[in-house]
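Enquirer: Keeping their order, the protein sequence lines are chains A and B. Sequence positions in the first sequence follow the working numbering and run 248 to 471. Sequence positions in the second sequence follow the working numbering and run 43 to 433. Using N, Cα and C, we set each Cβ at its ideal position, and we do this for glycine too. Sharing a structure, written as structure tokens. Questions coming.
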Amino acid sequence: MNWQALELTLRLSCLTAAILIVLALPVAYWVAYSRRRWKFLVQALASLPLVMPPTVLGFYVLVAFGSSSPLGRLWQHWTGHTLAFTFAGLVVGSVFYSFPFAVQPLVNSFLAIDPKLIDASRVLGASRLATFFRVILPLSASGVATAIALTFAHTFGEFGVVLMVGGDIPGVTRTISIDVFDQVQAGNYAAANVTSLVLLAVSFLILAAIYAWNRRAWPRAPWA
Amino acid sequence: MGVREGRTLSSADDERETARNEILLEAAIRKRYAGSPGSSFSLDVRFAVPAGFTILFGRSGAGKTTTLEAIAGLVKPDAGKILLEERLVYDSASRVNVDVSHRGVGYVFQDSALFPHLTVERNIRYGLRGVPEIERKKRVGEILESFRIGALALRLPRVISAGERQRVALARSLVTRPDILLLDEPLAALDAPAKSRIVEDLRAWNRVRRIPILYVTHSREEVFALGERVLVIERGRIVAEGLPQDVLEAPREETVAQLAGFENIFDARIAALHEEAGTMTCLLNPGAIEIEAPLARVETGAAVRVGIRAGDVLLATEPPRGLSARNVIEGTIEAIEERDFRVLARVNCGATFAVLLTPAARRSLGLAAGQRVWLIVKTHSCHLLRPAAQD
Chain A
248 MNWQALELTL RLSCLTAAIL IVLALPVAYW VAYSRRRWKF LVQALASLPL VMPPTVLGFY
308 VLVAFGSSSP LGRLWQHWTG HTLAFTFAGL VVGSVFYSFP FAVQPLVNSF LAIDPKLIDA
368 SRVLGASRLA TFFRVILPLS ASGVATAIAL TFAHTFGEFG VVLMVGGDIP GVTRTISIDV
428 FDQVQAGNYA AANVTSLVLL AVSFLILAAI YAWNRRAWPR APWA
Chain B
43 MGVREGRTLS SADDERETAR NEILLEAAIR KRYAGSPGSS FSLDVRFAVP AGFTILFGRS
103 GAGKTTTLEA IAGLVKPDAG KILLEERLVY DSASRVNVDV SHRGVGYVFQ DSALFPHLTV
163 ERNIRYGLRG VPEIERKKRV GEILESFRIG ALALRLPRVI SAGERQRVAL ARSLVTRPDI
223 LLLDEPLAAL DAPAKSRIVE DLRAWNRVRR IPILYVTHSR EEVFALGERV LVIERGRIVA
283 EGLPQDVLEA PREETVAQLA GFENIFDARI AALHEEAGTM TCLLNPGAIE IEAPLARVET
343 GAAVRVGIRA GDVLLATEPP RGLSARNVIE GTIEAIEERD FRVLARVNCG ATFAVLLTPA
403 ARRSLGLAAG QRVWLIVKTH SCHLLRPAAQ D
């Protein structure tokens, strides 16, 4: 068992989930409540990583942060090296790749809240921001949990983006899924089996936890 | 989060609170919802609401809720002006539009809209952010007592009854000391005793506060039960206002007529004016029945609507003679049914009339469906209604 790969994968998944929940909350709020006509464009854009092959997404991340792009030069100016084949590169790629998995559960949760509760909060003197933190977010607990767990699990098992952006550097970018790939390539089926089982078990536990949590979540109007 | 203006309570504020005069709401609201042609809706109301209960009555879709939402700031009018005492909260001319969170309005929704994740007490405290803790405790304690919900303080909304939830919703609004209370059919789902107990507690509370309470309903029974000043709204316009009995005595609008229990409302055309007799002849539209109605300021040929209460129609089994009533109409009983000690007969005279009788009258006349009868209607029982505006 490659413990280094497991540790690295856990670190990557936690960091990605944490970044995504912060990024996705405002985006999901906007998608749920905005009445702009071009909202559909943002929705389509936010869902794009669902349908794109991971290799394509990884390729674009490489191009966007390559040394010939303004973004890449800015990154290089700040950090002194390119994004490709670094742990930070993995995080950026994973954030893009799991973005829809964070946004969609939140949007669904927000939309399930009775709009009257939001009106009631506003009439009682709460600002939009206060209403978000005191009413919308607590009532979306299950959506938040789902978003975190899904992004974590999705990142945990990802392969294509990681390979494209990070390559296969032990301790830096070699995640569990890549480790399994390497072991199979090397004909080491026993090791691949153990690692795969760990990946499977962790993924299952996370999904089971989501569904257990959602079972006792706040319904929309418990008395209706 | 900011404290509402004039809402931090101190002893000086308490003095002002007791010394303050009754609050008056003045509103002029215009709002247009463009839908597909024919489904657009326009609201154009102008009214003043003094302290105390005022009922906003109208059928669904008349614009009642939109009016409340505009006053509260949940909906932005296209044009108009809303004044709470001297405080301008909306004015299209001077581009004033105070945010909903700073209007000092209390709003109670039909389904209470309590926050399901907060206990009763924390629901009530919700609007008291920025109020010092000691003051907050005092106010919450007082309001829990006024609305008899102290025992529920630590419960969650889902485990209390619908009536209790509405009490909590009222308390939650009133504890913020709003300048006006807007109630959107708050008691529609409750039974009559629960309803009247809540209304009594609300009245008691308002004897001290003296704020305007605008109470929206589409229920005729509620208007009479509350018996307060009523504003009648129809298709986005205020069509009548006053005490229910005054509004209902001479109904000229269809919504008012329905409120007053005019079961018979007919399209009609003025056929002739008889100025010396003080009457005019109306030709009812389906059936071409001639009806004598009291003379009104209309022109011959004008399209009008005539309302007749079912209880104002007499029924005879033979052609009547020697009557002062001008209108005797021959017809056939189509259907007759008894409900709650009232007998309602439908009589086809070309147009169908509803006639209200007592079970005793039905028995002594031996009335049955298919029977030939004569309806007798006094001239002064025929009320001319202004036809509903077509826009």
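1) With DSSP as the reference, label Trp-416/B as helix, strand or coil.
2) Could you tell me the alpha carbon to alpha carbon distance between His-159/B and Pro-385/A, rounded to whole angstroms?
3) What are the residues of the region 367 to 390 of chain A that lie near chain B, defined by any Cβ-Cβ distance shorter than 9 Å?
4) Against chain B, with Cβ distances strictly below 9 Å, would Leu-272/A count as a contact?
5) Just grab the DSSP bridge partners of Met-299/A for me.
6) Excluding the five sequence neighbours on either side, which residues of its own chain have a C-beta within less than 6 Å of the C-beta of Gly-408/B, listed in chain order?
7) Using 8 Å for Cβ pairs, my map puts Leu-67/B next to Leu-126/B. What's the rounded Cβ distance?
8) To the nearest angstrom, how far is the alpha carbon of Gln-432/B from that of Ser-356/A?
9) For Ser-314/A, which residues of its own chain have a beta-carbon under 8 Å away from its beta-carbon, when the five flanking residues on both sides are left out?
10) Compute the Euclidean distance between the alpha carbons of Ala-471/A and Phe-157/B, then round it to the nearest angstrom.
11) Going by DSSP, which residues form a beta bridge with Tyr-257/B?
12) With burial defined as no fewer than 16 other Cβ atoms inside 10 Å of the residue's Cβ, what is the status of Pro-347/A: buried or exposed?
13) Figure out for me which residue from His-144/B, Tyr-257/B and Thr-421/B has the closest Cα to the Cα of Ala-93/B.
14) At the 9 Å Cβ level, is Lys-363/A part of the contact set with chain B, yes or no?
15) Would you mind telling me which residues of chain A sit closer than 9 Å to Ser-143/B, beta carbon to beta carbon, in chain order?
16) Which bits of chain A does Gly-169/B rub up against, with CB to CB less than 7 Å?
17) Run the CB neighbour count on Met-322/B, radius 10 Å, all protein chains shown included, and call it buried at 16 or more, exposed below.
18) Can you confirm whether Val-147/B, when its beta carbon is compared against all beta carbons of chain A, has any partner nearer than 9 Å?
19) Please classify Asn-369/B as buried or exposed, where buried requires at least 16 other C-beta atoms within 10 Å of its C-beta.
20) Within 8 Å, do at least three Cβ pairs link the region 293 to 313 of chain A to the region 389 to 399 of chain A?
21) Is it the case that the Cβ atoms of Ala-387/B and Ile-371/B are separated by a distance below 9 Å?
22) Leaving out five residues on either side along the sequence, give the residues of the same chain with a beta carbon under 6 Å from the beta carbon of Val-91/B.
23) Compare the beta carbon distance of Leu-194/B and Ile-202/B with 9 Å and say whether it is the shorter of the two.
24) Let me make sure I understand the geometry here. Which of Leu-267/A, Phe-306/A and Pro-273/A has the alpha-carbon closest to that of Ala-400/A?
25) Are Val-182/B and Glu-163/B touching if we call contact CB-CB under 9 Å?
26) Which residues in chain E sit within 8 Å of Ala-155/B, going by Cβ to Cβ distance?
27) Return the CA-CA distance between Val-415/B and Ala-345/B, expressed in angstroms with no decimal places.
28) When the Cα atoms are used, what is the spatial distance from Ser-345/A to Ile-360/A?
29) Compute the Euclidean distance between the alpha carbons of Ala-114/B and Gly-148/B, then round it to the nearest angstrom.
30) For Leu-67/B, which residues in chain A fall below 8 Å Cβ to Cβ?
31) In whole angstroms, what is the alpha-carbon distance linking Leu-337/B and Phe-304/B?
32) Since Leu-398/B and Ala-367/B should fall inside the 8 Å C-beta cutoff, what is the C-beta to C-beta distance between them, to a whole number of angstroms?
33) If you draw a straight line from the alpha carbon of Ser-214/A to that of Leu-447/A, how long is it in whole angstroms?
34) Could you check the C-alpha separation between Gly-413/A and Gln-251/A for me, to the nearest Å?
35) Under three-state DSSP, which class holds Ala-293/A?
36) Assuming contact is defined by CB atoms lying nearer than 9 Å, are Leu-255/A and Val-419/A in contact in what I supplied?
Expert: Let's see:
1) Taking the first residue of the second sequence as 1, we reach residue 416/B at position 374. Three-state result, Trp-416/B: strand.
2) Working through the second sequence from its first residue, we reach residue 159/B at position 117. Working through the first sequence from its first residue, we reach residue 385/A at position 138. When rounded, the separation of the alpha-carbon atoms in His-159/B and Pro-385/A is 7 Å.
3) Ala-367, Ser-368, Arg-369, Val-370, Leu-371, Gly-372, Ala-373, Ser-374, Arg-375, Leu-376, Ala-377, Thr-378, Arg-381, Val-382, Pro-385, Leu-386 and Ala-388
4) Translated into positions along the first sequence, residue 272/A becomes position 25. No, its Cβ sits nowhere closer than 9 Å to a Cβ of chain B.
5) Working through the first sequence from its first residue, we reach residue 299/A at position 52. According to DSSP, which records beta bridges pairwise, Met-299/A is partnered with nothing at all.
6) The sequence position of residue 408/B within the second sequence is 366, counting from 1. Residues of the same chain with a CB within less than 6 Å of the CB of Gly-408/B, apart from the 5 flanking positions on each side, do not exist.
7) In the second sequence, residue 67/B corresponds to position 25, counting from 1. In the second sequence, residue 126/B corresponds to position 84, counting from 1. Their Cβ separation, rounded to whole angstroms, is 6 Å, which keeps Leu-67/B and Leu-126/B in contact under 8 Å.
8) Counting from 1 along the second sequence, the entry for residue 432/B is found at position 390. Counting from 1 along the first sequence, the entry for residue 356/A is found at position 109. Confidence in Gln-432/B is poor, its pLDDT being 41 and thus under 50, which makes the residue's placement too unreliable to answer from.
9) The sequence position of residue 314/A within the first sequence is 67, counting from 1. Contacts found: Arg-320, Gln-323 and Thr-329.
10) Locating residue 471/A in the first sequence gives position 224, where the first residue counts as 1. Locating residue 157/B in the second sequence gives position 115, where the first residue counts as 1. Because the pLDDT of Ala-471/A is 38, which lies under 50, any placement of that residue in the model is unreliable, and the question is left without a value.
11) Working through the second sequence from its first residue, we reach residue 257/B at position 215. Looking at the DSSP output, Tyr-257/B sits in a beta bridge with Ile-97/B and Leu-225/B.
12) Within the first sequence, the letter at position 100 stands for residue 347/A. With 16 or more other Cβ atoms within 10 Å, it is buried.
13) For the purposes of this step, residue 93/B is taken as the residue at position 51 of the second sequence. Closest by alpha carbon: Tyr-257/B.
14) Looking up residue 363/A in the first sequence gives position 116. Taking Cβ atoms only, chain B reaches closer than 9 Å to Lys-363/A, which makes this a yes.
15) Within the second sequence, numbered from 1, the residue matching residue 143/B stands at position 101. Those within 9 Å of Ser-143/B in chain A are Ser-368, Arg-369, Val-370, Leu-371, Gly-372, Ala-373, Ser-374, Arg-375, Ala-377 and Thr-378.
16) On the second sequence, residue 169/B is found 127 positions in, with the first residue counted as 1. Simply Leu-371 and Gly-372.
17) By 1-based counting over the second sequence, the position of residue 322/B is 280. Buried, by the Cβ-count rule.
18) Taking the first residue of the second sequence as 1, we reach residue 147/B at position 105. Closer than 9 Å: yes.
19) Along the second sequence, read from residue 1 onward, the residue named residue 369/B stands at position 327. That one is buried.
20) no
21) The residue labelled residue 387/B in the question sits at position 345 within the second sequence. The residue labelled residue 371/B in the question sits at position 329 within the second sequence. Cβ distance not < 9 Å, so Ala-387/B and Ile-371/B don't count as in contact.
22) Residue numbering aside, residue 91/B sits at position 49 when the second sequence is read from its first letter. Closer than 6 Å at Cβ, skipping near neighbours: Leu-67, Pro-254 and Leu-256.
23) What you label residue 194/B is simply residue 152 of the second sequence in a count that begins at 1. What you label residue 202/B is simply residue 160 of the second sequence in a count that begins at 1. Contact: yes.
24) Looking up residue 400/A in the first sequence gives position 153. It is Leu-267/A.
25) If you number the second sequence from 1, residue 182/B lands on position 140. If you number the second sequence from 1, residue 163/B lands on position 121. Yes, they are a contact pair.
26) Absence of chain E from the displayed structure is noted, the protein chains being A and B.
27) Within the second sequence, the letter at position 373 stands for residue 415/B. Within the second sequence, the letter at position 303 stands for residue 345/B. C-alpha separation (whole angstroms): 29 Å.
28) The sequence position of residue 345/A within the first sequence is 98, counting from 1. The sequence position of residue 360/A within the first sequence is 113, counting from 1. C-alpha separation (whole angstroms): 24 Å.
29) As a first step, residue 114/B must be located in the second sequence, where it is residue number 72. As a first step, residue 148/B must be located in the second sequence, where it is residue number 106. Going from the Cα of Ala-114/B to the Cα of Gly-148/B covers about 8 Å.
30) In the second sequence, residue 67/B corresponds to position 25, counting from 1. What Leu-67/B touches in chain A: nothing, since even the nearest Cβ is about 15 Å away.
31) Along the second sequence, read from residue 1 onward, the residue named residue 337/B stands at position 295. Along the second sequence, read from residue 1 onward, the residue named residue 304/B stands at position 262. Their backbone Cα atoms lie some 20 Å apart in a straight line.
32) Residue 398/B sits at position 356 when you count from the first residue of the second sequence. Residue 367/B sits at position 325 when you count from the first residue of the second sequence. That pair is no contact at about 17 Å.
33) Because chain A in this structure spans residues 248 to 471, residue 214/A falls outside the shown range and cannot be described.
34) Taking the first sequence and counting its residues from 1, the one referred to as residue 413/A is at position 166. Taking the first sequence and counting its residues from 1, the one referred to as residue 251/A is at position 4. If I take the Cα positions, the gap works out to 16 Å.
35) Locating residue 293/A in the first sequence gives position 46, where the first residue counts as 1. Correct three-state label for Ala-293/A: helix.
36) The residue labelled residue 255/A in the question sits at position 8 within the first sequence. The residue labelled residue 419/A in the question sits at position 172 within the first sequence. Cβ atoms of Leu-255/A and Val-419/A: closer than 9 Å.
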